[in-house]
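Residue numbers for the sequence shown follow our numbering, so the first one is 927 and each next one is one higher. Quick reminder that beta carbons are idealized off the backbone N, C-alpha and C, glycines included.
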Amino acid sequence: MSTYHIKNLEEYFQVYRKSIRNPELFWEEIAEEHFVWRKKWDKVLEYDFSKPAIKWFEGAKLNITENCIDRHLHIRGDKTAILFEPNNPDEAVQYITYKELHKRVCKFANVLKEKGIQKGDRVCIYLPMIPELAISVLACARIGAIHSVVFAGFSSTALATRINDCEAKMVITSDGSFRGAKTIDLKGIVDEALENCSCVETVLVVKRIQSDIQMVENRDCWLQPLLDKASEVCEPEIVNAEDPLFILYTSGSTGSPKGMLHTTGGYMIYTAYTFKNVFNYKEKDVYWCTADIGWITGHSYIVYGPLANGATTVMFEGVPSYPDFGRFWEIVEKHKVTQFYTAPTAIRALAKEKLDFVNKYDLSSLKVLGTVGEPINEEAWHWYNDNVGKKKSPIVDTWWQTETGGMMISPIPYTTPTKPTYATLPLPGIQLALMDADGEEVKGNQVDGRLCVKYPWPSMARTIWGNHERYKNTYFSTFENMYFTGDGALRDEVGYYRITGRVDDVVIVSGHNLGTAPIEDAINEHPAVAESAIVGFPHDIKGNALYGYVILKDVGESRNHENLRKEINQVITEHIGPIAKLDKIQFTVGLPKTRSGKIMRRILRKIAHNELDNLGDVSTLLNPEVVESIINNRL
Ligand code: WTA
């Protein structure tokens, strides 16, 4: 039986049982056999969920880039590590071999050092999907600096919040980015953000779109001349297994974004192990994940997991609709992609277009299809299975979170029988529980509850940067001695899991987590707005969209409502980014409130979903009459 590469269902159950019986031994064997350590650990695991304190491989020393790059050099030095497919299909593809990646990461790391970046310093990376994004991430890891990648679709305000929260000393950006037929002025956004960030000393600028940008003296430097001068030799900084690797911000149901902190050793082995098994990865494969490295999926399954396995990982700069809706499939054919990993929202958008866009291309290289980020509906699952996989490539519906670092529930292809809309079974080492409202575990099958994890796994986030109390309250205080995911799930008659969605005030729009509170805070900044409440409602392509109920300060506000709606969305775009715009905005005279003044979002959600039959008892509200008026004016 191979613990590292599971080949059939019987083996899965054996491996799973072993991983539960003795988790420490299970992960220790994997760590020992498949990775390079400069010093062995003193203890595999030490944890206490009440604090919470979690340590994996304490005492061990390593560098993750040595595992992702150096150790491959003599066996696969000339193999492509990163295959870069540019936005414009006429621009040349870049095949970056492991040898070349090594050289480019070392040079970049030397530039960071020259600019004063040291172990433990935070570096904010705000780049489009170009090779420098992966290379700068790895360069930080090379010298033990903590990278904080911010998705390049976030606004300057959102960027500034994230830079200030982790007190980044440096920002790495580009003169702009290509997105389909458009260009975006990333450097301008950074300049605006930095007006409010005194912690940043240096901005490194990658030349990508050749635009004419302003460079601030003594702060901004073009990257290329620095790289030209930098040495190709950069010994890896040897760090402790529990030293921080990166911070990645994710939305919470309240307040500011949470900087999830991931550490090095456990994260490395978990992402590598899950990559190998969930994608049934083999040496000659060409693997493609369409996510952006600005999200956790890109961190774990474009950069670290694939490179730790010596894989060829595709990085695509563009969008699925440019130059036309066949672009994804054209790329699959062109590079003979074997594993394809994307989000349900992309599948739904492409399924709306003519089948011709898919059928034109030879997709016979595909062996495994994956989805992530939100529940996949049955229709999208079948479209993907029939038209992309031609019913021969298993679909791995992978459930996980920024906080979990790696996949937690997923079929193993050619092993676990798939079932549409089900993420199926927990991966080895993952001990799940469903909890009821009274805090009791719901046992048995054909049940549902709140999804929790009972035992630590190596890649879990260790804290929220600068706010351990919030980490404890958000994840470890709802249920005693458990990590609470914030998701609801059901377990069917054979023990398969299906994720039913968030049970908190986070809405997943096009696969992006959006906390409703920060959007409400943004809207309330509009001078005409008195109060607002936002809920999610089902949307054909995006999965969910946002519905805002807005009370205006002046009830008799004479301005055109359409213009106000535009202005409100503009405020959201400025504070957070266009991904958080509202699809529907209903102006209302009041919001349903409890006697203690809390907005009853449950009722607003039902109205937005058009489920008017069972609103529940509204008589205990402070203002029951408002419900009727909201119903009558719903959009
Ligand atoms: C949701 C993305 C259903 C879920 C890796 C989770 C999913 C949140 C799935 C985390 C899936 C992710 N099926 N729901 N396969 N995958 N989710 O942090 O609600 O961006 O809590 O991490 O996305 O989103 P995040």
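For residue i and residue j, what's the separation of their Cα atoms in angstroms?
i     : j     : result
R1105 : E1419 : 45 Å
P1384 : K1519 : 43 Å
M927  : T1087 : Unreliable positioning characterises M927 in this predicted model, as indicated by a pLDDT of 49, which lies under 50. A coordinate reading is not provided.
Y1340 : H1308 : 18 Å
W1221 : T1328 : 8 Å
C1151 : E1451 : Note on residue identity: the sequence assigns Pro, not Cys, to residue 1151. Their Cα atoms are separated by approximately 43 Å.
A1605 : K1316 : With the chain covering 927 to 1561 only, the question about residue 1605 has no answer from this structure.
I1051 : D1146 : 14 Å
L1561 : K1510 : 7 Å
I1467 : R1424 : 20 Å
A1107 : V1240 : 21 Å
H1501 : V1455 : 15 Å
S1157 : R1030 : 10 Å
V1165 : I1072 : 12 Å
V1037 : N989  : 18 Å
V1245 : E1367 : 43 Å
F1410 : L1440 : 18 Å
Y1193 : K1155 : 33 Å
T991  : D1364 : 45 Å
K933  : P1352 : 16 Å
At what residues does the alpha helix (DSSP H) containing residue i begin and finish?
i     : result
C1092 : 1082 to 1092
L1233 : 1231 to 1234
V941  : 935 to 947
H1394 : 1394 to 1401
W1391 : Here W1391 belongs to no alpha helix (DSSP H), and DSSP marks it neither H nor E.
T991  : 990 to 994
L999  : 999 to 1002
L1038 : 1024 to 1040
Look up residue i in the DSSP assignment and give the residues it is bridged to.
i     : result
C1050 : S1074, V1097
C1378 : A1359, F1410
Y1207 : Per DSSP, none; premise fails for Y1207.
D974  : A979
N1439 : I1434
N1470 : P1464
M1055 : According to DSSP, M1055 bridges with nothing at all.
F1172 : H1073, H1188
W1383 : Looking at the DSSP assignment, W1383 forms no beta bridge with any residue, so it has no partner.
I1425 : A1415
P1352 : I1335
Just curious, the beta strand (DSSP E) that residue i is in, first and last residue?
i     : result
I1008 : 1006 to 1011
T1200 : Counting along the chain, T1200 falls outside any beta strand (DSSP E), though it belongs to the alpha helix (DSSP H) covering 1191 to 1204.
C1147 : 1146 to 1148
N1486 : Counting along the chain, N1486 falls outside any beta strand (DSSP E), and DSSP gives it neither H nor E.
T1268 : 1265 to 1268
I1110 : 1108 to 1110
F1513 : 1510 to 1514
R1253 : R1253 -> not in any beta strand (DSSP E); alpha helix (DSSP H) instead, spanning 1253 to 1261.
F1104 : 1103 to 1105
Do residue i and the ligand WTA come close, with the Cβ less than 7 Å from some heavy atom?
i     : result
P1301 : yes
N1439 : yes
D1282 : no
C1296 : According to the sequence as given, residue 1296 is Gly; it is not Cys. No, the ligand WTA has no heavy atom inside 7 Å of this Cβ.
Q1265 : no
D1323 : yes
D1413 : yes
Q871  : The chain is shown only over 927 to 1561; residue 871 falls outside these bounds and no answer can be derived.
T1176 : yes
R1428 : yes
W1391 : no
T1223 : yes
A1084 : no
A1349 : yes
I1135 : no
I1449 : no
I946  : no
I1434 : yes
I1425 : yes
Of all the CB atoms in chain B, is at least one closer than 8 Å to the CB of residue i?
i     : result
A1094 : No chain B is present in this structure, which holds just one protein chain.
What are the uninterrupted segments assigned as beta strand (DSSP E) that are 3 or more residues long and contained completely in the segment 1271 to 1345, given in chain order? 1294 to 1298, 1321 to 1324
Please go through the segment 1517 to 1551 and give each complete alpha helix (DSSP H) segment of 4 or more residues, from N-terminal end onward. 1527 to 1534
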